[in-house]
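S.K.: Shown below is the structure under consideration.
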Amino acid sequence: MNILGMLLRISFKDWLIFATLVILVIALLQIRKLKKSLVQEVHKRLVPELMLELDLKEIGLFIKNESTMIAKEISIQDVDVDIEDFGYTMYFTLKFDIIEILRPNERIKLNFKAIHRGKEGPVRTPEGIIPHLTSASFRLIIDFYNIENLKFHAEFIRKLNKFVLDKLDAVQ
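Residues in the sequence shown are numbered consecutively from 463, following our numbering.
Structure follows, in structure tokens:
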């Protein structure tokens, strides 16, 4: 009863102030949420657009930055590839070097090693394995940063003689 008596003694003006305060807190929380969403959308626009290309004329696997943003610390995860060679299937793991920086509209040849899986033996040169990659299907997973040190994760799939971007995520 004591609490009910206190509530009844509160004037209309006090209730109005309390309701205004609650509405203000809710509005501030909504503004904070919208601000965070706006920042995320702005960061998404700052994503470098990377593309991969397998070029048989220059005998290489190339990465190109097709945006106006710099990409840096580009690392490609090791990938297992099954290659047909004269009717035999060979199993390789491709290990890529890290690219420090890729400027807008710059195209760089990827340096990698092709290591036999399950067998000890010499490492194949990229030039020796590139022609065989044209018929292989595989996925390349790339992690990179933009100029504002926001990390991104991209997955490319090799389909029909070209690489297709399958997935692109911002990493928190």
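Even for Gly, the Cβ is constructed at its ideal location relative to N, Cα and C.
Nearest to THR596 by CA position, among ILE619, LEU564, TRP477, ILE604, is which residue?
M.R.: Closest option to THR596, Cα to Cα, is ILE619.
S.K.: Any idea what DSSP makes of LEU500, helix, strand or coil?
M.R.: LEU500: helix per DSSP, three-state reduction.
S.K.: Taking 8 angstroms as the cut-off, does the region 551-559 touch the region 568-580 (at least 3 CB pairs, one atom from each stretch)?
M.R.: Flag = yes, the region 568-580 and the region 551-559 touch.
S.K.: DSSP beta-bridge partners for ARG620?
M.R.: Answer by DSSP bridge pairing, in chain order: PHE625.
S.K.: Between ILE525 and LEU518, is the Cβ-Cβ spacing less than 8 angstroms?
M.R.: Not a contact, by the Cβ cut-off of 8 angstroms.
S.K.: Contact between the region 610-626 and the region 562-574: three or more CB pairs below 8 angstroms?
M.R.: The answer is no - the region 562-574 does not touch the region 610-626, with fewer than three Cβ pairs under 8 angstroms.
S.K.: Please name the residue in GLN492, ALA598, TYR550, GLN539 whose C-alpha comes closest to that of GLU617.
M.R.: Checking every option, the nearest Cα to that of GLU617 belongs to GLN539.
S.K.: So PHE614 and ALA632 are supposed to be a Cβ contact under 8 angstroms. How far apart are they, rounded?
M.R.: Their Cβ separation, rounded to whole angstroms, is 6 angstroms, which keeps PHE614 and ALA632 in contact under 8 angstroms.
S.K.: Return helix, strand or coil for ILE536, following the three-state DSSP convention.
M.R.: In this structure, ILE536 counts as strand in the three-state DSSP scheme.
S.K.: Measure the C-alpha to C-alpha separation of PHE625 and ILE603 and round it to an integer number of angstroms.
M.R.: C-alpha separation (whole angstroms): 12 angstroms.
S.K.: Which residue wins for smallest C-alpha separation from LEU512, given the options GLU562, LYS497, SER529, THR587?
M.R.: With distances taken between Cα atoms, LEU512 lies closest to SER529.
S.K.: Measure from the alpha carbon of ALA533 to the alpha carbon of each residue in HIS594, ILE479, ARG565, SER473, then state which is nearest.
M.R.: It is ARG565.
S.K.: Taking C-alpha atoms, which residue in ASP559, GLN634, VAL509, GLY590 lies nearest to VAL541?
M.R.: The option with the nearest alpha carbon to VAL541 is ASP559.
S.K.: Could you have a look at LYS475 and say whether DSSP puts it in helix, strand or coil?
M.R.: If DSSP states are grouped into helix, strand and coil, LYS475 belongs with the helices.
S.K.: By Cβ distance below 8 angstroms, which residues in the same chain neighbour LYS629 in space, the five residues on each side in sequence not counted?
M.R.: The residues are HIS615, ALA616, GLU617.
S.K.: Alpha carbon to alpha carbon, how far is THR482 from ALA489? Give it in angstroms, no decimals.
M.R.: Using only the alpha carbons, I get a separation of about 10 angstroms.
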